Every structure is written in structure tokens, then in C-alpha cells.
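Visitor: Before anything else, here's the structure in question.
Chains as they are written, first to last, in the numbering used here: chain A, -14 to 273; chain B, 91 to 445.
Put into C-alpha cells, the structure is as follows:
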């Protein structure tokens, strides 16, 4: 006897699989296309968007050029900008996350006065976009003589990083059973010692996630750096990018794209290296 | 070797949670079990001894030194947690060595102690694995190793066997007892499992709602429970309770259960003519030619033993009898259930206290 019902359900299953795969392929194309487009633009001699057409989406090898890259690397102080950006990002990450570790551990594990008030303040502050702080920062820093200085921007960036990094670390540490640090206390450590010796290593995934995100903020910032830095030797890549691609008549999208690719490489490497932690980090960030 | 003494210990969490006015002395080298249902205050007591909680009032003494305000690290105790609390980012070797690192012991000695511990607990082959890569039973051994290796004055154990499957638990129970007997380290063990209390304890303290209900050796607590709560908490299958009335007829006392009148050799004293609760252990019930008429309603075979559920004809009360499997009674049979009068326990119906 033929099993028609079984066959029917097998077909349904197959159809569902095809549809879901098609859907996934579509999403992949949708997310990869901008990257492809930027890569293509960076290698093409076109100077502006009006020269772009659909057929040119398929690369023609005789036509591609590395001229845009050469222009950036040889005609502009790209390496200085890269160095500046790395100094700002790394310092802000270091100080921001260092503070966030202490405050995250304290907010989750210690009986600190005004704990609730602090938490609400953090939550409210994180609702404001960073851009609205540009003008207050500018007035404050010009009073203090911190415009056009490494110190000024590093303070501003660290402050931006510390809020959400503390929040992330606090949430993660709250999910770690207290038994670990209690065991360490019985085994000879002080309460603070136990937090750093035992809880912090367990929280490693979220700390790395916080490190990467804190790095990303200053690395890509344009608004604040654009206001506080006027000396071209202090420029970061984001400002350099704008400066370089500014043509006489219109934006030079070839140079702009090449710059974007160069700027993206360190971030790409960073994500690649810490992929494992970022996946769990993102799921924690979504969780609470 | 160390004596722990708790004096008037109180920790009130509100809602009748915590411990109240607890006085206890745990003798040196003793295996001391604190038994009670969840929320009875047993873990709180253990955590106060460990220094992880501060009591609202009262004192903790270790060898006559008041350690109430000492931090955990100054108490020279080790603790085994319910979920072991092995540090997940360290190997088994590092976990066991962890408490030694703060003790100013040189590296080779630490290494030696860890190896020896691993040998005793048969975990040599997993020393370089992480806790996530080993089984529950192995984790339990590692947790024990970490507790034993620093040779503390006191072992504290918070339901250490409750996460193991039944078979493993029986094995670990025996091993735990063996280790404690050879080390003779004072041990405070918290559990809600009466079998663990019965098998492990030199003495057992039964806690309920934060108050100490009884303190004695486990057999005494089983045979002479202070009240019906303890009677019901100890024993598997649990004790049967039957409502009855005490009556005195001249110099003879009787127990009236439904329409059965059973003579007993006890002086009912002020309870004559009053309602009481009779506690009857399942293993003390006999089927006989005289006694209380009852019907067998259900049988649970357990291999060599079986549990027979009876319904008393006159009152409808259900009681369970534990018997050997070679019994010939079948479901639906009506018989007489009888008991050795010395074995029955009588409780005040109002406050549950033993009479």
C-alpha cells in the first residue's frame, strides 16, 4: 500500500526547507551587497556617483585600479590619522572598561549606597545619543584647555564607554551564582579579592564584548572629534576620511570608499579574533 | 579537631525565615547533620558558621574563641556547595590547588598534595580537564578534594549529594562517611534528605521554621521523635498517622480507632478521654487474626519488599504497611491489621507533641 500521507508531509518538509533557504540567501545578499559595492567603488576610477550604472556592478578587470588607495596612502598622512585613532580608541577602551569592571562588579555584588539611583541615572544617560553632548563638551573642554588635546577626547570617550560597559558587566555578573566568590572567600580571599580572582575570569566573555564595543565608539566617531580637533596632525581617520574625499565640485566616492575599506580592516580583524565572545556577548546584551 | 558552639543565634529574614535562638554544640570530630525541609534555616545556620552571613544576634565559637565577626578566610573551614562551585576557567588541578595558594605553601608541596588528593579520590586521570568536561560525580569528587586538601578544622557541606543521580548518591554517601571517619574532621552537613541524615550522622539536629525541634542521634530521633512533624519527616515510606481516642476503663487504657477498641499498657494520664494522633511506622504493622478490620486497596512492589495500602473499614483512613514480597494478600482482601503496642507513637492532636 502506498503511504500517501507520509509522502505529503515529506513534500511539505522539503518545501519549507527550500523557502527558508531562499529567504536566508536573500538576507545574505542584502547584507553583503553594501560591502561589495564599497569594495567595487574603491577599485574603480569613477570619481562620482553619476558615472555608476547597473552593468558596472560586474567588475571589469581591465578597468579596475588601485589608484584610490595609492592616493590616500601616499598623498595624505594616513598613518598619522590611524595612529591618532588607535591612541584614542585604545585609551578610551582601557580606561572606560577598567572603570566599568569596578563599577559593574560593585553594582551587582556590593551593598553600595544609592545603588538604585545610580542604576536609573545610567539607564537615563544611555538613552541620550552621544551627539547631543558635543556642544556641552566643547564649552567645557575649551574652558579647561582640553580642545585639540589627546587628554580631552580620551576623557570624553572613556566616559561614553563606561556607562554601557558597566551596565553590560553588571547584568552578566548578576547571572553568575554567588557560590563561586563565596567558595573563594572560604578558600582565603577577601570579598574584593574573590571578585577579581574568580568572578571576573568567569565574566571574561562580557568583558571582551565591552572592550570591542568601547573600541568601536571612538574609532568611528566623527561628531565629537570634528569639534574638538582642529589641528590636522591630531585628526582621526573619520575626519581624515571626510577631508580626503572632499572634491572641488562633489564628493569623491572612489577615495571615500577606499578609505572606508582601509578603515574597516582593523575592525574586521578585531571582530574575527573575538568572534567567539561576541556571539555570547550579543546574546547577553539582548537578554536584558 | 574543633568544637563549634552556637549561642542564641538569630538571623531574621522576615516572613518567619531564618533561624531563631539557636543553641548548639558540635563536638570535635563529630559528623553533625542539620536536617529540615526547605526554608527551615539550615543553610542559614551553615552560612553563619562559614562566615558568609552575619547573625542579627548570638555568637559563634570555634574552640572557645568567639569567631562571630571573623571573615570566612580567617575561620580555617572548607565548604562543599550544592552545585560544587568549581571555578569553570580552571583545570581540576588548579581548582584543588586554589585554597593552598593562599597558605604560603611552596609549589612542589602544593603539586604533591594535589596529586595525593587525586589518588585518594581516584580522579588522577581528569586533573588537566576543566569542570565543564567531567561528569557530575567527578565534579563532586573534585569539590571534596578542594575542601579536604587544605586540612581545615571544619568541613561544611550544603546538600552536597543532591545534584547526583540516585545510584551515585548511595556510593558517594558511603565514601563521604568513610573519608570523614578516617580524617576525624568536625563536619557540619546540611540536608533535607532524611536518609542521608540517618546514614551519615553521629548526631542530627532537626530544624523547622528556624527553630531547633530535636537534637539527638539519628536512631533516637527516628524512634522517639519529639513531635509529629519530626515523625513524619523521618522514615521512608513515611509514618502513618491515624486519629484515635484514648480511654481509661478502670486501670486499663484503650485506644479507640473507629469501632475498634485496642487495649494498651500505657497510662494516658491527662489525655484520658481525649483525641490523639497515633503514629505507626509502616514496618511495624502486622496482619493478624485480630485487630482493626481493613481492606487491601493497592500494592506497590519494590522487589524484595512491597508496600501495601490499607483502608480502615470503620474510619476510611488509609495506612501503608511495608512487608516482604512473599505475602499472599491480594487487592480487595479484608483482614485485620495489628501492631506491636510498644512501637506506636502517640501525639497531642493540638500541638503535635509526643505524649
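Idealized CB from N, CA, C, for every residue including glycine.
What you are looking at is a predicted structure, and each value in this text was computed from that prediction instead of being measured.
List, from N- to C-terminal side, the beta strand (DSSP E) runs of 3 residues or more that fit wholly inside the segment 308 to 374 of chain B.
Guide: 330 to 339, 342 to 347, 350 to 354, 365 to 370
Visitor: I want to see whether chain B comes within less than 8 Å of residue 273/A, judged by CB atoms only; does it?
Guide: Against the first chain, residue 273/A aligns to sequence position 288. Only weak support exists for where residue 273/A lies, its pLDDT of 43 falling under 50; the value from the coordinates is given anyway. Residue 273/A does not count as touching chain B.
Visitor: Quick one: grab the DSSP three-state call for residue -5/A.
Guide: In the first chain, residue -5/A corresponds to position 10, counting from 1. Of the three classes helix, strand and coil, the one that applies to residue -5/A here is helix, per DSSP.
Visitor: Suppose the cutoff is 7 Å on Cβ atoms and the five residues either side in sequence are ignored; what does the same chain contact list for residue 356/B look like?
Guide: Here residue 356/B is taken as the residue at index 266 of the second chain, counted from 1. Within the same chain, residue 356/B has close Cβ partners 343.
Visitor: Have a look at 399/B, 376/B, 359/B and flag the residue whose alpha-carbon is nearest the alpha-carbon of residue 387/B.
Guide: Counting from 1 along the second chain, the entry for residue 387/B is found at position 297. Looking from the CA of residue 387/B, the closest CA among 399/B, 376/B, 359/B belongs to 399/B.
Visitor: Mind listing which residues of the segment 215 to 249 of chain B have their C-beta closer than 7 Å to chain A's C-betas, in chain order?
Guide: none
Visitor: Between residue 210/A and the ligand MN, is the CB less than 7 Å from at least one heavy atom?
Guide: This structure simply doesn't include the ligand MN, nor any ligand for that matter.
Visitor: Going by DSSP in three states, residue 279/B sits in which element: helix, strand or coil?
Guide: For this step, residue 279/B is matched to residue 189 along the second chain. Residue 279/B sits in a strand when the DSSP states are folded into three classes.
Visitor: Could you tell me how far apart the beta carbons of residue 67/A and residue 222/A are, in whole angstroms, since I believe they sit closer than 8 Å?
Guide: As a first step, residue 67/A must be located in the first chain, where it is residue number 82. As a first step, residue 222/A must be located in the first chain, where it is residue number 237. Indeed they touch by this definition, with Cβ atoms about 6 Å apart.
Visitor: Going by DSSP, name the residue or residues bridged to residue 443/B.
Guide: By one-based count along the second chain, residue 443/B stands at place 353. Among the bridge pairs identified by DSSP, residue 443/B is matched with 317/B.
Visitor: Closer than 8 Å between beta carbons: that is the criterion. Which residues of the segment 182 to 196 of chain A meet it against chain B?
Guide: 183, 186, 187, 189
Visitor: With C-beta atoms as the reference, is residue 162/B less than 8 Å away from residue 221/B?
Guide: Your numbering for residue 162/B matches position 72 in the second chain. Your numbering for residue 221/B matches position 131 in the second chain. Result no, Cβ atoms of residue 162/B and residue 221/B do not sit closer than 8 Å.
Visitor: Closer than 7 Å by beta-carbon distance: list the chain B residues that pair up with residue 177/A, in chain order.
Guide: Locating residue 177/A in the first chain gives position 192, counting from the first residue. Simply none; closest approach about 11 Å.
Visitor: Once you ignore the five residues that flank residue 91/B on each side, which residues in its own chain have a CB closer than 8 Å to its CB?
Guide: Position 1 of the second chain holds residue 91/B. Result list for residue 91/B: 118, 119, 243, 274, 275, 276, in chain order.
Visitor: To the nearest angstrom, how far is it from the Cα of residue 121/A to the Cα of residue 115/A?
Guide: Walking along the first chain from the start, residue 121/A turns up at place 136. Walking along the first chain from the start, residue 115/A turns up at place 130. Rounded to the nearest angstrom, the two C-alpha atoms are 11 Å apart.
Visitor: If you count every other CB in all the chains shown that lies within 10 Å of the CB of residue 372/B, and 16 or more means buried, which is it?
Guide: By 1-based counting over the second chain, the position of residue 372/B is 282. Counting Cβ neighbours within 10 Å, residue 372/B comes out buried, since at least 16 surround it.
Visitor: Taking the CB atoms as reference points, tell me whether residue 122/B and residue 312/B lie closer together than 8 Å.
Guide: Your numbering for residue 122/B matches position 32 in the second chain. Your numbering for residue 312/B matches position 222 in the second chain. No, Cβ-Cβ distance for residue 122/B and residue 312/B is not below 8 Å.
Visitor: Unbroken beta strand (DSSP E) runs of length 3 or more, entirely within the segment 139 to 215 of chain B: which are they?
Guide: 147 to 152, 167 to 170
Visitor: How should residue 172/A be labelled, buried or exposed, when 16 other C-beta atoms within 10 angstroms of its C-beta is the threshold for buried?
Guide: In the first chain, residue 172/A corresponds to position 187, counting from 1. Result: buried.
Visitor: At the level of alpha carbons, what is the spacing between residue 257/B and residue 264/B?
Guide: For the purposes of this step, residue 257/B is taken as residue 167 along the second chain, with counting starting at 1. For the purposes of this step, residue 264/B is taken as residue 174 along the second chain, with counting starting at 1. As the crow flies, the alpha-carbon of residue 257/B is around 12 Å from that of residue 264/B.
Visitor: Which runs of the alpha helix (DSSP H) spanning at least 4 residues fall entirely within the segment 133 to 174 of chain A, listed in chain order?
Guide: 135 to 159, 164 to 171
Visitor: Just to confirm, are residue 194/B and residue 143/B a CB contact at a threshold of 8 Å?
Guide: Numbered from its first residue, the second chain carries residue 194/B at position 104. Numbered from its first residue, the second chain carries residue 143/B at position 53. Their beta carbons are not under 8 Å apart, which means residue 194/B does not touch residue 143/B by this criterion.
Visitor: What's the C-alpha gap between residue 116/B and residue 198/A?
Guide: For the purposes of this step, residue 116/B is taken as the residue at position 26 of the second chain. For the purposes of this step, residue 198/A is taken as the residue at position 213 of the first chain. Near 54 Å, if we compare the C-alpha coordinates of residue 198/A and residue 116/B.
Visitor: Taking CB distances under 8 Å as the criterion, tell me whether residue 149/A reaches chain B.
Guide: Mapped onto the first chain, residue 149/A falls at position 164. No, residue 149/A lies away from the interface with chain B (no Cβ there is under 8 Å from its Cβ).
Visitor: Anything in the segment 172 to 191 of chain B with a Cβ closer than 7 Å to a Cβ of chain A? List those residues in chain order, please.
Guide: 173, 175, 177, 178, 179, 188, 189
Visitor: Could you tell me the alpha carbon to alpha carbon distance between residue 382/B and residue 346/B, rounded to whole angstroms?
Guide: For the purposes of this step, residue 382/B is taken as residue 292 along the second chain, with counting starting at 1. For the purposes of this step, residue 346/B is taken as residue 256 along the second chain, with counting starting at 1. Going by the C-alpha atoms only, they are around 10 Å apart.
Visitor: Just confirm the distance between the C-beta atoms of residue 263/A and residue 194/A, as a whole number of angstroms; I'd bet it's less than 8 Å.
Guide: Within the first chain, numbered from 1, the residue matching residue 263/A stands at position 278. Within the first chain, numbered from 1, the residue matching residue 194/A stands at position 209. Going by Cβ atoms, the distance from residue 263/A to residue 194/A rounds to 6 Å, so yes, they are a contact pair.
Visitor: Indicate the three-state DSSP secondary structure (helix, strand or coil) for residue 98/A in the structure shown.
Guide: As a working mapping, residue 98/A is identified with position 113 in the first chain. Coil.
Visitor: Name the two residues that bound the continuous beta strand (DSSP E) containing residue 95/B.
Guide: For the purposes of this step, residue 95/B is taken as residue 5 along the second chain, with counting starting at 1. Looking at the DSSP string, the run of the beta strand (DSSP E) that includes residue 95/B is 94 to 104.
Visitor: Between residue 137/B and residue 253/B, what straight-line distance do the alpha-carbon atoms span, to the nearest angstrom?
Guide: Translated into the one-based positions of the second chain, residue 137/B becomes position 47. Translated into the one-based positions of the second chain, residue 253/B becomes position 163. Their Cα atoms are separated by approximately 19 Å.
Visitor: Quick one: is residue 256/A buried, meaning 16 or more other Cβ sit within 10 Å of its Cβ, or exposed?
Guide: As a first step, residue 256/A is located in the first chain; it is residue number 271 there, counting from the start. Around the Cβ of residue 256/A, a 10 Å sphere holds fewer than 16 other Cβ atoms; the residue is exposed.
Visitor: Among 249/A, 10/A, 73/A, 55/A, which residue has its Cα nearest to the Cα of residue 133/A?
Guide: As a working note, residue 133/A is residue 148 in the first chain. Minimum Cα distance to residue 133/A is reached at 73/A.
Visitor: Would you mind reading off the limits of the beta strand (DSSP E) that contains residue 196/A?
Guide: The residue you call residue 196/A lines up with position 211 of the first chain. Note, residue 196/A: premise wrong, no beta strand (DSSP E); alpha helix (DSSP H) at 189 to 205.
Visitor: Indicate the three-state DSSP secondary structure (helix, strand or coil) for residue 114/A in the structure shown.
Guide: Numbered from 1 along the first chain, position 129 holds the residue referred to as residue 114/A. If DSSP states are grouped into helix, strand and coil, residue 114/A belongs with coil.
Visitor: Which residues in the same chain have their Cβ closer than 8 Å to the Cβ of residue 127/B, if we skip the five residues on either side of it in sequence?
Guide: Position 37 of the second chain, counted from the first residue, corresponds to residue 127/B. Taken in chain order, the residues that qualify are 282, 298, 323.
Visitor: Pick helix, strand or coil for residue 111/B, following the three-state DSSP scheme.
Guide: Within the second chain, the letter at position 21 stands for residue 111/B. Three-state result, residue 111/B: strand.
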